[in-house]
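Chemist:
Protein chains: 2
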Amino acid sequence: MRSLPVKSLLLKSLLILLLLVNTAFAAAAADPLPSWNDTAAKKAIVTFVEDVTREGSPDFVPPAERIATFDNDGTLWSEQPNYFPEAFLYYHIKALAPQHPEWKNQQPFKAVLEDDMKTLSAGGEKAWLELDCASHAGITTEELAQSVKEWALTAKHPRTGRLYTEMAYQPMLELLDYLRANGFKTFIVSGGEIDFMRPWTEKVYGIPPEQVVGSSLKTKFELRDGKPVIVFLPEINFMDDGAGKAIGIEQYIGRRPIAAFGNSDGDLQMFQWTTAGSGARFALIVHHTDVDREWAYDRTSAVGRLDKALDEAQAKGWTVVDMKNDWKIIYVFEKQ
Amino acid sequence: MRSLPVKSLLLKSLLILLLLVNTAFAAAAADPLPSWNDTAAKKAIVTFVEDVTREGSPDFVPPAERIATFDNDGTLWSEQPNYFPEAFLYYHIKALAPQHPEWKNQQPFKAVLEDDMKTLSAGGEKAWLELDCASHAGITTEELAQSVKEWALTAKHPRTGRLYTEMAYQPMLELLDYLRANGFKTFIVSGGEIDFMRPWTEKVYGIPPEQVVGSSLKTKFELRDGKPVIVFLPEINFMDDGAGKAIGIEQYIGRRPIAAFGNSDGDLQMFQWTTAGSGARFALIVHHTDVDREWAYDRTSAVGRLDKALDEAQAKGWTVVDMKNDWKIIYVFEKQ
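If you're matching them up, the sequences are chains A and B in order. Per the working numbering, the first sequence runs over residues 238 to 573. Per the working numbering, the second sequence runs over residues 238 to 573.
The following block contains the structure:
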């Protein structure tokens, strides 16, 4: 009758082993995208990542070629009621105003200083460009970076009262992490200014400056008191929007992405360029459908218009995220 | 008397352990730069790398900021009797000639087709630019990459009879590996065309396309038979030389290097920009002093002139590699 305790001990041991194995497997299988509901969008992401990373899979892609490009405004953080780079532009102009007393009586600067959004909107892209060039001319890239860092640490969004950088989308941060954990190299390819993004993208998105592509002004190199500086010129160097995104990818990255993530017609050519490559490809559009938790807009919006790209997504079977139904939470600050 | 065998066994075990530890240490301390003689240049490199990577060192630099930039022509491979990108340009024009019968009677194309180097030299930079623009106009970035790959696999250097890519400098390949093993991210910043380098730098130098900065032509995005392509325009986009190298670094990398490697006056502003940052900085010039194994040239050379940068190196204590005395072998094909 000695066999019982031994058997019991063995069973207990096996049970403990089973529990351990189970815990280990559960940890290994922990949901990498906890803020995503289990809808088609999430399944499409996971299927694609598993297909391109599984050795022996017909869709396997070597790690060096796992390039993923992300639009910024409206894709990684909000872009309403105005693109966030616009908020920085006004901040920067106000900060420089004491050195430019003439701006008080000169449009479009006067409108910025008086928060006269009506005049600014009426001025359109021309006013923006004038403000952008004037506010950069003669300042160094280091001075601009300093101003951007101050803005990122202090400026608050008019609706949420949160730092703009806290309005990064939690589900997209999880997606960035998930891709990187699977050997992807993640890049930003944004219509926003490259020098506005680089000072904070590493901290907020885990994307280092050298993996940020964006619009830019021309610069010149000069020695100031014997010290080399790079100074902005009031002239556009590159517009990283629409067809410019495909060109920017080729120019900066030099390798075609296998996955692209965006939210507007400005991303259409990036999607086309990405998906036209051979092998498995992935395109995902963040569709702003959540009027309560974020904003709802698409075909007729002045900011982040999504019209042609939405049609092409439907025609070509690209993944469209329905923000309202696909995301459990929106912002990083909602995370428990 | 039983203690002796036990003691002997213990001693034997200790001896084996000692041998193992010794072998392990020897492996760990294996010379990472075996093709470098033990001269001042090698010591300067190793001291710098140890200083910036040792935790607790006053010069410690976090891995993310360990950016090292390398010129290509004359720094990572030879550049005589003509810059190697020039050899590709002529190859490419010859390959395209059947589609351009008019080139037979039209300079500077005629000179290329007839290997008339005298006329080409006389034409100078203007002729080069005309050839470069004409040979790119209307072709896609993928078509150019294909042509570059063919050239890299077949074209041989007139003096060594070796593939151009075999004329990469073995000591510099070791240096690239050594830096990467110490957490550095290595970039090329070359006056050569970016689209000429990217198809082979990963294989030859271990530097992926997205870490290559160079000169470029403008491009446009278009749909050809519904398929997106990026097509070259006969117009300069960016000249990555001289002050352009500092600008290119800021534009593409967005982070100041802590170490820069070059060989000519075209690298001067890259050195200035790099060394003007705070903390430990490193600048190294490859001085071509080996008339027997490679070439010897500096202040008066038309190719890779090294004059002002040599003066500044001496004044500022930058490291100058004396190729003849500092390198055991020159080329990767000399490696045993």
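Using N, Cα and C, we set each Cβ at its ideal position, and we do this for glycine too.
1. Work out the CA separation of A/Gly311 and A/Trp510 for me, nearest whole Å.
2. What's the call for B/Arg518, buried or exposed, on a 16-neighbour Cβ count within 10 Å?
3. Between B/Tyr489 and chain A, is the shortest Cβ-Cβ distance under 8 Å, so that the two count as touching?
4. Would you mind reading off the limits of the alpha helix (DSSP H) that contains A/Ser384?
5. State the beta-bridge partners of A/Tyr406 as determined by DSSP.
6. If you draw a straight line from the C-alpha of B/Tyr568 to the C-alpha of B/Tyr401, how long is it?
7. Roughly how many whole angstroms lie between the Cα atoms of A/Arg188 and A/Leu416?
8. What residue does the beta strand (DSSP E) around B/Thr423 start on, and which one ends it?
9. Among A/Glu549, A/Lys455 and A/His524, which residue has its Cα nearest to the Cα of A/Val540?
10. Please report the distance separating the alpha-carbon of A/Leu410 from that of A/Tyr442.
11. For the ligand NAP, I want to know if A/Val449 counts as a neighbour, meaning its beta carbon is within less than 7 Å of at least one of the ligand's heavy atoms.
12. Starting from the Cα of B/Gly499, find the closest Cα among B/Ala359, B/Ile490, B/Gly420 and B/Tyr406 and give me that residue.
13. Taking the alpha helix (DSSP H) that A/Asn562 belongs to, which residues open and close that run?
14. Using C-beta distances below 8 Å, list every residue in its chain close to A/Met238, excluding the 5 sequence neighbours before and after it, in chain order.
15. Counting only Cβ-Cβ distances shorter than 8 Å, please list the residues of the region 435 to 452 of chain B near chain A, keeping chain order.
16. Using three-state DSSP, classify B/Ile467 as helix, strand or coil.
17. Please give me, in chain order, every unbroken run of the beta strand (DSSP E) with length at least 3 that falls completely inside the region 463 to 551 of chain B.
18. List the DSSP bridge partners of A/Gly452.
19. Is the region 473 to 486 of chain B close to the region 454 to 467 of chain A, with three or more CB pairs under 8 Å?
20. To the nearest angstrom, how far is the alpha carbon of B/Glu387 from that of A/Ile490?
21. What are the residues of the region 365 to 385 of chain A that lie near chain B, defined by any Cβ-Cβ distance shorter than 8 Å?
22. Classify B/Asp310 as helix, strand or coil using the three-state DSSP reduction.
23. Any contact of the region 266 to 280 of chain A with the region 545 to 564 of chain A, i.e. 3+ C-beta pairs under 8 Å?
24. Cβ of B/Pro217 less than 8 Å from any chain A Cβ?
25. Tell whether a beta-carbon distance below 8 Å holds between B/Leu413 and B/Leu270.
26. From this set, A/Pro471, A/Leu381 and A/Tyr534, which residue's C-alpha is nearest A/Leu368's C-alpha?
27. If you draw a straight line from the C-alpha of A/Leu454 to the C-alpha of A/Gly428, how long is it?
28. Taking the alpha carbon of A/Glu571 as the reference point, which residue from A/Leu543, A/Ala513 and A/Pro408 has its own alpha carbon closest?
29. Pull up the distance between the alpha-carbon of B/Lys464 and that of B/Ile495, whole angstroms please.
30. Can you find the residues in the same chain that come closer than 8 Å, C-beta to C-beta, to B/Asn274, ignoring five residues on each side of it along the sequence?
31. Between which two residues does the alpha helix (DSSP H) containing A/Lys341 stretch?
32. Given a cut-off of 8 Å, decide if A/Ile444 and A/Thr438 are closer than it, judged by their beta-carbon atoms.
33. Scan the region 385 to 396 of chain B for residues whose Cβ lies nearer than 8 Å to a Cβ of chain A and list them as they occur along the chain.
34. List, in order along the chain, the chain B residues whose C-beta lies closer than 8 Å to that of A/Thr456?
35. Would you kindly check if the distance between the Cβ of B/Ile473 and the Cβ of B/Val426 is under 8 Å?
36. Can you list, in chain order, the residues of the region 544 to 560 of chain A whose Cβ is nearer than 8 Å to any Cβ on chain B?
Modeler: This is what the structure holds:
1. About 20 Å.
2. Here B/Arg518 is buried, its C-beta having at least 16 other C-beta atoms within 10 Å.
3. Taking Cβ atoms only, chain A reaches closer than 8 Å to B/Tyr489, which makes this a yes.
4. It spans Thr378 to Thr391 - the alpha helix (DSSP H) in which A/Ser384 sits, taken as one unbroken run.
5. Residue pairing by DSSP puts A/Tyr406 in a beta bridge opposite A/Tyr568.
6. Whole-angstrom Cα-Cα distance: 11 Å.
7. The question about residue 188 of chain A has no answer here: the residues shown for chain A are numbered 238 through 573.
8. Element bounds for B/Thr423: Lys422 to Glu430.
9. When only C-alpha atoms are compared, the closest one is A/His524.
10. If you take the alpha carbons of A/Leu410 and A/Tyr442, they lie about 6 Å apart.
11. The model on display carries no ligand, and the ligand NAP is accordingly not part of it.
12. Considering only alpha carbons, the answer is B/Tyr406.
13. Unbroken alpha helix (DSSP H) run through A/Asn562: Met560 to Asp563.
14. Only weak support is given to the placement of A/Met238: the predicted model assigns it a pLDDT of 42, under 50, and the question is left unresolved by the model.
15. When CB distances to chain A are screened at a threshold of 8 Å, the residues of the region 435 to 452 of chain B falling below it are Arg435, Glu439, Pro445, Pro446, Glu447, Gln448 and Val449, in chain order.
16. In the structure shown, B/Ile467 sits in a strand (DSSP, three-state: E or B).
17. Correct list: 464 to 475, 496 to 499 and 519 to 524.
18. Before going on, a small fix: residue 452 of chain A reads as Ser here, not Gly. According to the DSSP secondary-structure assignment, A/Ser452 is paired through a beta bridge with A/Glu430.
19. Taking 8 Å as the limit for Cβ pairs, the verdict is that the region 454 to 467 of chain A does touch the region 473 to 486 of chain B.
20. Looking at the two C-alpha atoms, the distance is approximately 22 Å.
21. So the close ones are Thr378.
22. Three-state DSSP puts B/Asp310 in a strand.
23. The region 266 to 280 of chain A is in contact with the region 545 to 564 of chain A.
24. Chain B is shown only over 238 to 573; residue 217 of chain B falls outside these bounds and no answer can be derived.
25. B/Leu413 is not a Cβ neighbour of B/Leu270, given a cutoff of 8 Å.
26. Comparing Cα positions, the closest option is A/Pro471.
27. The straight-line gap from Cα to Cα measures roughly 12 Å.
28. Here the closest residue by C-alpha is A/Pro408.
29. A straight line joining the alpha-carbon of B/Lys464 with that of B/Ile495 spans about 42 Å.
30. Within its own chain, the residues whose Cβ lies closer than 8 Å to the Cβ of B/Asn274, once the five positions on either side in sequence are excluded, are Asn562, Asp563, Trp564 and Lys565, listed in chain order.
31. Premise fails: A/Lys341 is in no alpha helix (DSSP H) and is neither H nor E.
32. Closer than 8 Å, so yes.
33. Per Cβ criterion, the list is empty.
34. Those within 8 Å of A/Thr456 in chain B are Ile484, Glu487 and Gln488.
35. The Cβ atoms of B/Val426 and B/Ile473 lie no closer than 8 Å to each other.
36. Within the region 544 to 560 of chain A, no residue has a Cβ lying closer than 8 Å to any Cβ of chain B.
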